[in-house]
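Quick mapping for you: the protein sequence lines, in order, are chains H and W.
Mapping of the first sequence onto the numbering used here: residues 9 to 336, in sequence order.
Mapping of the second sequence onto the numbering used here: residues 9 to 336, in sequence order.
The C-beta atom is built at its ideal place from N, Cα and C for all residues, glycine as well.
Number of protein chains: 2
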Amino acid sequence: MKVALIGLGAVGRGVAGMIAKKDLGITITGIADSRSGCIEDTGIDPAEVLDHKKKAGVCGDRKISAADVIKKADYDVLIEVTPTNALSGEPAIRYIKAALARKKHIVTSNKGPLALAYRELTTMAAKKGVAFRYEATVGGAIPIMHTLEHGLAGNEILAVYGVLNGTCNYILTRMVAEGLTYDQALMEAREMGYAEADPTYDVKGIDTAIKLVILANTIWGHGVKLSDVSVTGIDLLTPDALRLAEEDDCTIRLIAEAMPSRRLLRVSPRIIEKSHPLVVDGSLNALTIETDMAKEITLIGKGAGSVETASAIIGDLLYINDRYVQRA
Amino acid sequence: MKVALIGLGAVGRGVAGMIAKKDLGITITGIADSRSGCIEDTGIDPAEVLDHKKKAGVCGDRKISAADVIKKADYDVLIEVTPTNALSGEPAIRYIKAALARKKHIVTSNKGPLALAYRELTTMAAKKGVAFRYEATVGGAIPIMHTLEHGLAGNEILAVYGVLNGTCNYILTRMVAEGLTYDQALMEAREMGYAEADPTYDVKGIDTAIKLVILANTIWGHGVKLSDVSVTGIDLLTPDALRLAEEDDCTIRLIAEAMPSRRLLRVSPRIIEKSHPLVVDGSLNALTIETDMAKEITLIGKGAGSVETASAIIGDLLYINDRYVQRA
Numbered sequence: 009m010k011v012a013l014i015g016l017g018a019v020g021r022g023v024a025g026m027i028a029k030k031d032l033g034i035t036i037t038g039i040a041d042s043r044s045g046c047i048e049d050t051g052i053d054p055a056e057v058l059d060h061k062k063k064a065g066v067c068g069d070r071k072i073s074a075a076d077v078i079k080k081a082d083y084d085v086l087i088e089v090t091p092t093n094a095l096s097g098e099p100a101i102r103y104i105k106a107a108l109a110r111k112k113h114i115v116t117s118n119k120g121p122l123a124l125a126y127r128e129l130t131t132m133a134a135k136k137g138v139a140f141r142y143e144a145t146v147g148g149a150i151p152i153m154h155t156l157e158h159g160l161a162g163n164e165i166l167a168v169y170g171v172l173n174g175t176c177n178y179i180l181t182r183m184v185a186e187g188l189t190y191d192q193a194l195m196e197a198r199e200m201g202y203a204e205a206d207p208t209y210d211v212k213g214i215d216t217a218i219k220l221v222i223l224a225n226t227i228w229g230h231g232v233k234l235s236d237v238s239v240t241g242i243d244l245l246t247p248d249a250l251r252l253a254e255e256d257d258c259t260i261r262l263i264a265e266a267m268p269s270r271r272l273l274r275v276s277p278r279i280i281e282k283s284h285p286l287v288v289d290g291s292l293n294a295l296t297i298e299t300d301m302a303k304e305i306t307l308i309g310k311g312a313g314s315v316e317t318a319s320a321i322i323g324d325l326l327y328i329n330d331r332y333v334q335r336a
Numbered sequence: 009m010k011v012a013l014i015g016l017g018a019v020g021r022g023v024a025g026m027i028a029k030k031d032l033g034i035t036i037t038g039i040a041d042s043r044s045g046c047i048e049d050t051g052i053d054p055a056e057v058l059d060h061k062k063k064a065g066v067c068g069d070r071k072i073s074a075a076d077v078i079k080k081a082d083y084d085v086l087i088e089v090t091p092t093n094a095l096s097g098e099p100a101i102r103y104i105k106a107a108l109a110r111k112k113h114i115v116t117s118n119k120g121p122l123a124l125a126y127r128e129l130t131t132m133a134a135k136k137g138v139a140f141r142y143e144a145t146v147g148g149a150i151p152i153m154h155t156l157e158h159g160l161a162g163n164e165i166l167a168v169y170g171v172l173n174g175t176c177n178y179i180l181t182r183m184v185a186e187g188l189t190y191d192q193a194l195m196e197a198r199e200m201g202y203a204e205a206d207p208t209y210d211v212k213g214i215d216t217a218i219k220l221v222i223l224a225n226t227i228w229g230h231g232v233k234l235s236d237v238s239v240t241g242i243d244l245l246t247p248d249a250l251r252l253a254e255e256d257d258c259t260i261r262l263i264a265e266a267m268p269s270r271r272l273l274r275v276s277p278r279i280i281e282k283s284h285p286l287v288v289d290g291s292l293n294a295l296t297i298e299t300d301m302a303k304e305i306t307l308i309g310k311g312a313g314s315v316e317t318a319s320a321i322i323g324d325l326l327y328i329n330d331r332y333v334q335r336a
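Now the structure itself:
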């Protein structure tokens, strides 16, 4: 199977590294970062590209753009792993459309296109008869989409509840464990690399809400938008609130909830029993899926990380290889 | 897709009930309990059979045996859900072999054949070009096999750690929560229907060990046997041991562990931090899968129950329908 890899940040480097290391039957024929690209129909050595990127700061030829790679390279699957732009979804939406127009399968870790153009992109993929997969967008390494689609096949999904932002969970865990204030815990999260310089998207609950929108649309296909989600962040939480919860053997977590029967689509700090499976520590993510037959299934794992996210992308690639490319 | 359903205990009734209730594209053409059977090439109404079984005590004609149904009915998949016999694996092994000889796919919830004849049966299924699936044998409703096979595709599985017996977990949870002795908690578990009259297999760790053997053979294919597992049960645990663990913010759970790199295959009560994802309450099951890319993924859910187990079986049926029957 031939792939074009667009984006060489932490996720892209993780994917390239795993393709180099593992015998997955995947050949990279096109690769691009934000400033350069490389096309080689006979295959690009990912280890060499990563090395070149490290030394030269770019992965290929500055005259070749990501758009060129998408339009000209010979590949089966576009791996779109450029950074999420939650306002415009670009340039990812443009990239994905260009590849779909060429009837290429899509694997992405980019939440922007999913949050902003879910229906348009999935409809276009269906019309072209190609796969559009995005396991990495929600819950990092946790195979949430696979579980919804296959593991729980035949079940009616009644609701989902999740801890979907590692930054918030790390901050809340530290506030409880060490009695830190929100600001102290945030500072520590920054130092540990769990929070970005501008943590607004994370701590205000927006990143979690985007993931909830992706989940809800995947499960129920109602075409909900970010503006449909009632969102409260963790930035106003006090150590007192956490202490009060502790007294009842509870704690507070930023929980995303979707339950169509109650028209519920909400992200908010919730008081939750400590023994509940969703109460995970540190930067972990967790999702409880409520179904008619299996009842409650909870999945826990790393919500971020270069190789962890690569795991989700490679799972999608192997699925496409098995279901589409090998069959063709 | 046509199925033959052998066994009408809690699991079989759950499967029949869900096939009756849901529009899954599944037709039952043969059905049998321990004393009767029914063959109907044009389809059997599962609701009617369940009703008849309730009133008459048998599901069909006493002159028709399970073996007759397996040999004579027209079906694509044998659903083998007779009770587990951990000593002989019979009559399930015989049933499965008879269906495999007819090139029928197999879905089973029966741990006996998996623990005693794993290689023989999987080899026979491979030779015949049919599927042999057993999601329901480990972790009840939790889609463990699907996750290992698909959700974590491309990952190397390094180890598994699990809480795989709801009876033991219920007893341990109650010993801690209420300060009960082992005997008191066991009595309560019996009253609640979480423990059988003879709980030996559960509390001695044997049921957990059988599930660990099934997991290990599925993941690594080394052909391990029950006798390869080092097994300690929970029946000698004292409230004092649990209290000591509590003092360090830990608790005790019956943990199944398999890690080939350390030649580890063990079931034993382990002291474990309370915040660890494997520490689940009551009769829940949990499994942590340690991999090279995704790192640790934990799955939690109901390990038993009629409809919950039916969920796993129906997931296997829909998988076979999608991958084999529809393609044929």
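Please go through the stretch 171-212 of chain H and give each complete beta strand (DSSP E) segment of 3 or more residues, from N-terminal end onward.
None, since the stretch 171-212 of chain H contains no complete beta strand (DSSP E) of that length.
Could you check what DSSP says for Val275 (chain W) in three-state terms: helix, strand or coil?
Within the second sequence, residue 275 (chain W) is the residue found at index 267, counting from 1. Three-state result, Val275 (chain W): strand.
Thinking Gly68 (chain H) and Ala100 (chain H) are a contact (beta carbons under 8 Å), I'd like their distance in whole angstroms, please.
Here residue 68 (chain H) refers to the residue found at position 60 of the first sequence. Here residue 100 (chain H) refers to the residue found at position 92 of the first sequence. No, Gly68 (chain H) and Ala100 (chain H) are not in contact; Cβ-Cβ is about 19 Å, not under 8 Å.
Taking C-beta pairs closer than 7 Å, name the residues in chain H that Val288 (chain W) reaches, listed in chain order.
Translated into positions along the second sequence, residue 288 (chain W) becomes position 280. Against chain H, the beta carbon of Val288 (chain W) has neighbours under 7 Å at Pro285, listed in chain order.
Quick check on DSSP: helix, strand or coil for Glu339 (chain H)?
Nothing in the structure corresponds to residue 339 (chain H), since chain H is present only between 9 and 336.
Taking only beta-carbon positions, decide if His113 (chain W) is within less than 9 Å of chain H.
Translated into the one-based positions of the second sequence, residue 113 (chain W) becomes position 105. Closer than 9 Å: no.
Supposed close pair Asp84 (chain W), His113 (chain W) - CB separation, criterion 8 Å:
Reading the second sequence from its first residue, position 76 is the one you call residue 84 (chain W). Reading the second sequence from its first residue, position 105 is the one you call residue 113 (chain W). At roughly 6 Å, the Cβ-Cβ gap stays under 8 Å, so Asp84 (chain W) and His113 (chain W) are in contact.
If distances are taken between C-alpha atoms only, which option among W:Tyr190, W:Ile328, W:Lys233 and W:Val11 comes closest to Glu88 (chain W)?
In the second sequence, residue 88 (chain W) corresponds to position 80, counting from 1. Comparing Cα-Cα distances from Glu88 (chain W) to each of W:Tyr190, W:Ile328, W:Lys233 and W:Val11, the minimum goes to W:Val11.
Quick one: Cα of Tyr103 (chain W) to Cα of Pro151 (chain W), how far?
Here residue 103 (chain W) is taken as the residue at index 95 of the second sequence, counted from 1. Here residue 151 (chain W) is taken as the residue at index 143 of the second sequence, counted from 1. When rounded, the distance between both Cα atoms is 25 Å.
In chain W, which residues lie less than 8 Å from Glu316 (chain H) when you measure between Cβ atoms?
Here residue 316 (chain H) corresponds to residue number 308 of the first sequence, with the count starting at 1. By Cβ distance, chain W contributes Met301, Ala302 and Lys303.
Closer than 9 Å at the beta carbon, the chain H residues around Tyr327 (chain W)
Your numbering for residue 327 (chain W) matches position 319 in the second sequence. The contacting residues are His158 and Ala161.
Exposure label - Gly65 (chain H); buried when at least 16 CB within 10 Å
Here residue 65 (chain H) is taken as the residue at index 57 of the first sequence, counted from 1. Exposed: under 16 other Cβ atoms inside 10 Å.
Limits of the unbroken beta strand (DSSP E) element including Arg261 (chain W):
Your numbering for residue 261 (chain W) matches position 253 in the second sequence. Unbroken beta strand (DSSP E) run through Arg261 (chain W): Cys258 to Met267.
Residues that Met200 (chain H) contacts on chain W, provided the C-beta gap is smaller than 7 Å:
The residue you call residue 200 (chain H) lines up with position 192 of the first sequence. What Met200 (chain H) touches in chain W: nothing, since even the nearest Cβ is about 17 Å away.
Kindly indicate if chain H contains any beta-carbon less than 9 Å away from that of Ala149 (chain W).
In the second sequence, counting from the first residue as 1, residue 149 (chain W) sits at position 141. At least one C-beta of chain H is nearer than 9 Å to the C-beta of Ala149 (chain W).
When burial is assigned at 16 or more other CB atoms within 10 Å of the CB, is Asp82 (chain W) buried or exposed?
Residue numbering aside, residue 82 (chain W) sits at position 74 when the second sequence is read from its first letter. Exposed is the call here.
Within 10 angstroms of the Cβ of Arg251 (chain W), are there 16 or more other Cβ atoms? Answer buried if so, exposed if not.
Here residue 251 (chain W) refers to the residue found at position 243 of the second sequence. Arg251 (chain W) is exposed by the Cβ-count criterion.
Using 9 Å as the limit for Cβ to Cβ distance, is Thr92 (chain W) near chain H?
Numbered from its first residue, the second sequence carries residue 92 (chain W) at position 84. Chain H contact via Cβ: absent.
Looking at the structure shown, is Tyr83 (chain W) part of a helix, part of a strand, or coil, going by DSSP?
In the second sequence, counting from the first residue as 1, residue 83 (chain W) sits at position 75. Coil at Tyr83 (chain W), not helix or strand.
Candidates W:Met26, W:Val23 and W:Ala40, of which the one nearest Gly15 (chain W) by Cα
As a first step, residue 15 (chain W) must be located in the second sequence, where it is residue number 7. Among W:Met26, W:Val23 and W:Ala40, the Cα nearest to that of Gly15 (chain W) is on W:Ala40.
For Gly38 (chain W): DSSP bridge partner residues:
Looking up residue 38 (chain W) in the second sequence gives position 30. Answer is W:Ala12 and W:Ile47.
Taking a Cβ distance cut-off of 8 Å, strictly less, list which residues of the stretch 28-39 of chain H are near chain W, in chain order.
Lys30 and Leu32
Mapping the DSSP letters down to three states, classify Leu95 (chain W) as helix, strand or coil.
The residue you call residue 95 (chain W) lines up with position 87 of the second sequence. Leu95 (chain W): coil per DSSP, three-state reduction.
If you check the beta carbons only, do Gly33 (chain H) and Ala318 (chain H) fall under 9 Å apart?
Position 25 of the first sequence, counting from 1, holds the residue named residue 33 (chain H). Position 310 of the first sequence, counting from 1, holds the residue named residue 318 (chain H). Contact check for Gly33 (chain H) against Ala318 (chain H) fails: the beta carbons are separated by 9 Å or more.
Of all the options H:Gly38, H:Lys61, H:Leu245 and H:Asp59, which has the alpha carbon lying nearest to the alpha carbon of Ser73 (chain H)?
Start at 1 with the first residue of the first sequence, and residue 73 (chain H) comes out as number 65. Looking at the Cα atoms, H:Gly38 is the closest of the given residues.
Starting from the Cα of Leu262 (chain W), find the closest Cα among W:Cys176, W:Val146 and W:Asn93 and give me that residue.
As a first step, residue 262 (chain W) is located in the second sequence; it is residue number 254 there, counting from the start. Closest option to Leu262 (chain W), Cα to Cα, is W:Cys176.
For the structure I just gave you, are there three or more beta carbon pairs, one from the stretch 306-324 of chain W and one from the stretch 291-305 of chain H, closer than 8 Å?
With the rule of 3 Cβ pairs closer than 8 Å, the stretch 306-324 of chain W counts as touching the stretch 291-305 of chain H.
Ordered list of alpha helix (DSSP H) runs contained in the stretch 299-336 of chain W, each at least 4 residues:
314-328
Counting only beta-carbon separations shorter than 9 Å, does Ala123 (chain H) have a partner in chain W?
Taking the first residue of the first sequence as position 1, residue 123 (chain H) is located at position 115. Output row for Ala123 (chain H): interface = no.
is_contact[Ala167 (chain H), chain W] using C-beta, thresh 9 Å:
Working through the first sequence from its first residue, we reach residue 167 (chain H) at position 159. Not closer than 9 Å to any Cβ of chain W, the Cβ of Ala167 (chain H) fails to qualify, so no.
Within its chain, find whatever has a CB closer than 7 Å to the CB of Trp228 (chain H); leave out the 5 residues flanking it on each side and keep chain order.
For the purposes of this step, residue 228 (chain H) is taken as the residue at position 220 of the first sequence. Correct list, in chain order: Pro268.
Find the residues of chain W that neighbour Ile104 (chain H), judging by a C-beta separation of less than 9 Å, and give them in chain order.
Translated into the one-based positions of the first sequence, residue 104 (chain H) becomes position 96. Near Ile104 (chain H) there are no residues of chain W at all, since even the closest Cβ is about 22 Å away, more than 9 Å.
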